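*Asks:* Residue numbers (this note's numbering), protein chains in the order written: chain A, -18 to 251; chain X, -18 to 251. Ideal Cβ placement from N, Cα and C applies to all residues, glycine included. Being a predicted model, the structure only gives us computed values, none of them experimental.
1) Could you name the residues that DSSP lists as bridge partners for residue 172 (chain A)?
2) Going along the chain, which residues of the region 208 to 226 of chain A sit with their C-beta nearer than 7 Å to a C-beta in chain D?
3) Do you know how far the Cα of residue 86 (chain X) is from the Cα of residue 210 (chain A)?
4) Give every residue of the same chain whose Cβ lies closer than 7 Å to the Cβ of residue 157 (chain A), excluding the five residues on either side of it in the sequence, and list them in chain order.
5) Can you look up residue 2 (chain X) in the DSSP assignment and give me helix, strand or coil?
6) For chain A, check one thing: does any of its Cβ atoms lie closer than 9 Å to the Cβ of residue 246 (chain X)?
7) Name the two residues that bound the continuous alpha helix (DSSP H) containing residue 13 (chain X).
8) Look at residue 76 (chain A) and residue 108 (chain X) and say whether their C-beta atoms are less than 9 Å apart.
9) Could you work out which residues of chain A lie near residue 160 (chain X), taking near to mean beta carbons separated by less than 8 Å?
10) Check the Cβ of residue 67 (chain A) against every Cβ in chain X and list those closer than 7 Å, keeping chain order.
11) Taking only beta carbons into account, state which residues of the region -15 to 7 of chain X come closer than 8 Å to chain A, listed in chain order.
12) Quick check: what's the CA-CA separation for residue 187 (chain A) versus residue 112 (chain A)?
13) Ignore the nearest five residues each way along the sequence and tell me which others in residue 168 (chain X)'s own chain have a CB closer than 6 Å to its CB.
14) Taking the straight line between their C-alpha atoms, what separation do you get for residue 179 (chain A) and residue 130 (chain A)?
15) Determine the burial state of residue 250 (chain X): buried for a count of at least 16 other Cβ atoms within 10 Å of its Cβ, exposed for fewer.
16) Counting along the chain, where does the alpha helix (DSSP H) carrying residue -4 (chain X) start and finish?
17) Residues in the same chain with beta-carbon distance under 6 Å from residue -18 (chain X), minus the five sequence neighbours each way, listed in chain order, please.
18) Between the region 189 to 208 of chain X and the region 206 to 225 of chain A, can you find at least three pairs of beta-carbon atoms closer than 8 Å?
19) Determine the DSSP secondary structure at residue 110 (chain X), reduced to helix, strand or coil.
20) Counting only Cβ pairs nearer than 7 Å, list the residues of chain A close to residue 107 (chain X).
21) Is the beta carbon of residue 7 (chain A) closer than 9 Å to that of residue 1 (chain A)?
22) Compute the beta-carbon to beta-carbon distance between residue 78 (chain A) and residue -15 (chain A), rounded to the nearest angstrom, for a pair I have assumed lies under 8 Å.
23) Considering only the alpha carbon of each residue, which of X:60, X:224, X:181 and X:219 lies closest to residue 212 (chain X)?
24) Using 9 Å as the threshold, is the C-beta distance between residue 219 (chain A) and residue 35 (chain A) below it?
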């Protein structure tokens, strides 16, 4: 029986996280409800990354097996069955041994910061508003220390059956004023690890802590040594990488509301 | 007494339009409530463009005069007094004869289309989902006919005291897959004119009508000759131009969730 893999996007605002929980609205619950309607029986799914309550996704990968369902059927049926805050962006039939979590080579997250005293009405649910100026160069200096394989005890919740060691492949802050985004790609992450790294980086970027605070926190192997966990609504799982899988590219080049009048003439542009 | 001019952004989803109406939640009502709290008396505002219910703004311009208020006070007070779906992005003190509506040289709108069968969870309230493929070249051919000064009777509601003549300075469709945006800048617009032009353009872009449909509709001077009015939630007022006014530039270059891993390696990206 082949495995169907789904590329899933969601607005995490109104979900109690990805993972099914009794009497809670979850992404997994909504997906499994919709799939069960097509299959006429329960369908169990697995995700590449179990995002927390309030965290969003543009490139979550979810797999399931059901002998009555294939990728085409799911792709056709989902738009009518899913709530508007979840979208199945692509569906593919894969080999039996494909597993969204274990087959994944890396996960990429973007933490979005909106640096202005007024809220941005379109991105208020997807970005953290920073009223303080951020020193992006300092954030990047600090982020360099978490790249590589380290014991991340200070930056995440470690379950008793888990190793605290994780590998971060890339971590960088990009200034696209008035947005700043912190991009983190790792093989895998501890629970709350991205938000904990971001929270620590923001202490440094806002000037409340020295650049050395990141490395000091890392070597301390103590949850109390790191900065606060950044709130979930700024975080989005942007993609999961696998060997040999190509998804449709759904990333526009420019800001959706860019317009030529703005590019030509700053005077008329907000 | 100087005039204070505000650059205002809002998510139009939960407003019954810009203009104050009894017992309705409006942008003007929310702004005037907040300003009245600072001034301790009623404050009356005027806007460059009275957007319809459901239409958004990133660069609306609103003016008012009150001897007890200046730009700095308003800028400091607004974040705490406004609901999160409105943001005062900038405030400036201007000359007494400045008037948001009459001083405006042009208004720019972007109509955002999301071309994919699955909804985009982050932009579902700000874009129209198109399940049909759009021919952007044909849309641009059609839009060329509305550029210039014309009688736009076919594309808008004309009040008895109004001329149906309007001047469009620029109209173009830009393909930034999976978004397509239709950008329209004009000196001023009739009621529903941008959405009526967009609706007509979409009939052509989707192949339901020939490119000549736009010009035929224009010369007919008959509301029935145009396509349907496109729904309000795809439309955003992006800016208003005045002689000699510079606003802060709040337009990022790239998509907020762009990330370097995506740019380098299509495989891992949604």
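*Replies:* Let's see:
1) A:138
2) This model lacks chain D altogether; the protein chains it does include are A and X.
3) 47 Å
4) none
5) Correct three-state label for residue 2 (chain X): coil.
6) With a pLDDT of only 44 at residue 246 (chain X), under the threshold of 50, the placement of this residue in the model should not be trusted; the figure read from the coordinates follows. So, interface residue.
7) 8 to 20
8) The answer is no: Cβ separation not under 9 Å.
9) By Cβ distance, chain A contributes 233 and 237.
10) 102
11) -12, -10, -9 and -8
12) 9 Å
13) 87 and 148
14) 18 Å
15) Any answer about residue 250 (chain X) is weak, because its pLDDT of 44 lies below 50 and its placement is not dependable; what the coordinates show is given next. Residue 250 (chain X) counts as buried, since at least 16 other C-beta atoms from the protein chains shown sit within 10 angstroms of its C-beta.
16) First-last for residue -4 (chain X): undefined, no H or E at that position.
17) In chain order, 46 and 48 place their CB closer than 6 Å to the CB of residue -18 (chain X), counting only its own chain and leaving out the 5 sequence neighbours on each side.
18) No, because fewer than three Cβ pairs between the region 206 to 225 of chain A and the region 189 to 208 of chain X fall closer than 8 Å, the two stretches do not touch.
19) Three-state DSSP puts residue 110 (chain X) in a strand.
20) Neighbours of residue 107 (chain X) on chain A, chain order: 103.
21) yes
22) That belief does not hold up - the Cβ atoms of residue 78 (chain A) and residue -15 (chain A) are roughly 14 Å apart, past 8 Å.
23) X:181
24) By the CB criterion at 9 Å, residue 219 (chain A) and residue 35 (chain A) fall outside the cutoff.
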